[in-house]
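These protein sequence lines are chains C and W, in that order. In this text, residue positions in the first sequence follow this note's numbering: the first is 1, and each later residue adds one. In this text, residue positions in the second sequence follow this note's numbering: the first is 1001, and each later residue adds one. We put the beta carbon where it would ideally sit given N, CA and C, even for glycine.
There are 2 protein chains.
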Amino acid sequence: MSTAQHLRNVPIFSDLKDTDLNIIAEKMVSRSYEKGKMILLEESQGETFFIIKSGAVKVTRQSDDGREVILAILGESDFFGEMSLLDGEGRSANIVSNEDAEVLTLSRSDFLDCLETYPKIAIALLEELAIRLRKSDQHIESLSLSDSEHRIAITLIRFAQELGTIKKGEVTIRNLPFQQDIANMAGTSRETVSRTIKLLEEKNLVKKDKKDLIIYNFDEFRQLFS
Amino acid sequence: MSTAQHLRNVPIFSDLKDTDLNIIAEKMVSRSYEKGKMILLEESQGETFFIIKSGAVKVTRQSDDGREVILAILGESDFFGEMSLLDGEGRSANIVSNEDAEVLTLSRSDFLDCLETYPKIAIALLEELAIRLRKSDQHIESLSLSDSEHRIAITLIRFAQELGTIKKGEVTIRNLPFQQDIANMAGTSRETVSRTIKLLEEKNLVKKDKKDLIIYNFDEFRQLFS
DNA sequence: CATTTTCTGTGACAATCATCACAAACTTTT
DNA sequence: AAAAGTTTGTGATGATTGTCACAGAAAATG
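Pasting the structure below:
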């Protein structure tokens, strides 16, 4: 697939004409990272905009003692790196490839040019940031007000929405992330995730099938926990 | 002060020429709310953009059982309401005036027109949203990884940065919010806030002076807790 | 396919913190 | 200036959940 075709799938570029898309596509450079590689380091100067062509990355923050929070897991057609480009501050999060990943990159100046030249991109980007902000707010709420069972359930809902496939009310999350990662998103411990998922199984709400997790009745599940 | 003069202080409008500023100013309508009034209700359709002329508001989310999280406290020249305008979703947070407040409002269509007409506003707004997203990320990190003492300290730092006045390294937060509000921001209980502030006083890091709180050495304090 | 490494399950225990319950110190109202 | 209403301080208690410890399962590696 050509670069331009990839861009077509990215919400913020989807409004553009083919000719404009091609112009941008030419400025982009492709890069690959193998699983577990650090793509961006916290505190380093942010100078690049990234779009994920294939694979997945996790956005994390780390405390001094090495514990990490996962802020988000991003997949195909998602983008990152825009924050420091916009506000000029250094990176505030680490980005690590969660599987082998291919990305498209755009330099700072090309990115900013884009925004100036195509106001539609700026507006689409605003929309995307608004959505992210909303998700962050929900995340903050759940960390503040919910117990670990709820937080874990909400994390599973997040996964279902991003990675899940629905089949008459039943959602299957293929390749559920490790318990440690779930814990780092839900703000709890790995052991608690283990115990809680078992509990949810006993309540007949979910079922584990090897590396997959099935949520029997997604609507009901969402009602119960959010 | 005229409406245009107020706008001048708002970061996202500050790049504009006077003539353009006046055009926008004419479209804005002023409204007043007394302390404790609900300005925006969660779940209601979002149709207006707000700028705070005077006073302060708190941005909250509430759980079914009535407990609330405070996502932010906004003051003069801050704005809100942009999120639903941008992504078309309904309101996700409540806005309550924390003191008597005067606001300027702009209708949905005028706001969106603004963005189309003045790309600079869109870019400035992107910058602002990036900053907010960054703060949210920090908030999420602290809720996930820190104990209550740290979370409360970080909340005090947030207040110091927004409402504080510095005087040779010493920051005074005038009119510290109620313990209950601090607790709702820090994701802890009111009682824990009371005990923790006492603890910080015993450690000679802060001092309470009636309704004010003094942080003796702000840089040191920040280093200790973030 | 044997070995090493990574991931998961589960018990025991301890620490943190929320909750309840008042009293004391304040504001605000009348 | 008394009364009513808020906000704060503090002890006692228990629940939730993190931590440690290790065994078993699964995956990756040679």
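is_contact[residue i, chain W] using C-beta, thresh 8 Å
i: G187/C; result: yes
i: R8/C; result: no
i: R222/C; result: no
i: R132/C; result: yes
i: A93/C; result: yes
i: M83/C; result: yes
i: S234/C; result: Since the first and last residues shown for chain C are 1 and 226, residue 234/C lies out of range.
i: P119/C; result: yes
i: L145/C; result: yes
i: L106/C; result: no
i: L205/C; result: no
i: L176/C; result: no
Beta carbon proximity, residue i to chain C, threshold 8 Å
i: E1116/W; result: yes
i: E1295/W; result: Nothing can be reported for residue 1295/W, as the shown portion of chain W is limited to 1001 through 1226.
i: D1181/W; result: no
i: V1069/W; result: yes
i: L1074/W; result: no
i: L1129/W; result: yes
i: I1123/W; result: yes
i: E1089/W; result: yes
i: S1077/W; result: no
i: L1156/W; result: no
i: L1200/W; result: no
i: L1213/W; result: no
Opposing strand residues paired with residue i [DSSP bridges]
i: A1025/W; result: For A1025/W, which the question treats as bridged, DSSP gives no partner whatsoever.
i: R108/C; result: Looking at the DSSP assignment, R108/C forms no beta bridge with any residue, so it has no partner.
i: D100/C; result: The partner list for D100/C (beta bridge, DSSP) is empty, contrary to what the question assumes.
i: L952/W; result: Residue 952/W is absent from the structure shown; chain W starts at 1001 and stops at 1226.
i: I1214/W; result: T1172/W and K1207/W
i: V1033/W; result: The sequence as given places Tyr at residue 1033/W; Val does not occur at that position. Partner(s): A1101/W.
Option nearest residue i by Cα separation, candidates the options
i: V1010/W; options: L1104/W, E1099/W, V1206/W and T1048/W; result: L1104/W
i: A1056/W; options: A1072/W, F1049/W, R1067/W and V1171/W; result: A1072/W
i: K37/C; options: F13/C, S77/C, E89/C and E102/C; result: E102/C
i: S1054/W; options: R1067/W, I1070/W, S1030/W and L1040/W; result: S1030/W
i: Q98/C; options: D181/C, L129/C, R132/C and T3/C; result: The sequence shown places Asn at residue 98/C, not Gln. Closest by alpha carbon: D181/C.
i: R1061/W; options: I140/C, S2/C and F49/C; result: I140/C
i: F1050/W; options: S1107/W, E1026/W, D1100/W and V1069/W; result: S1107/W
i: F1013/W; options: I1070/W, D1078/W, V1171/W and R1158/W; result: D1078/W
i: T117/C; options: T3/C, V96/C, R8/C and L21/C; result: L21/C
i: G75/C; options: D209/C, D87/C and F159/C; result: F159/C
i: G1081/W; options: R134/C, A93/C and S84/C; result: R134/C
Runs of alpha helix (DSSP H) wholly within the stretch 122-194 of chain C (minimum 4 residues, chain order): As far as the stretch 122-194 of chain C is concerned, its whole alpha helix (DSSP H) runs of at least 4 residues are 148-163 and 179-186.
Complete runs of the alpha helix (DSSP H) confined to the stretch 1039-1098 of chain W [at least 4 residues]: Here the runs fully enclosed are 1082-1087.
Chain-ordered residues of the stretch 1037-1064 of chain W with a beta carbon less than 8 Å from chain C: Cβ contacts with chain C: R1061 and S1063.
Chain C contacts from the stretch 1011-1026 of chain W (Cβ-Cβ distance under 8 Å): Legend: CB atoms of the stretch 1011-1026 of chain W lying less than 8 Å from CB atoms of chain C are not found in any residue.
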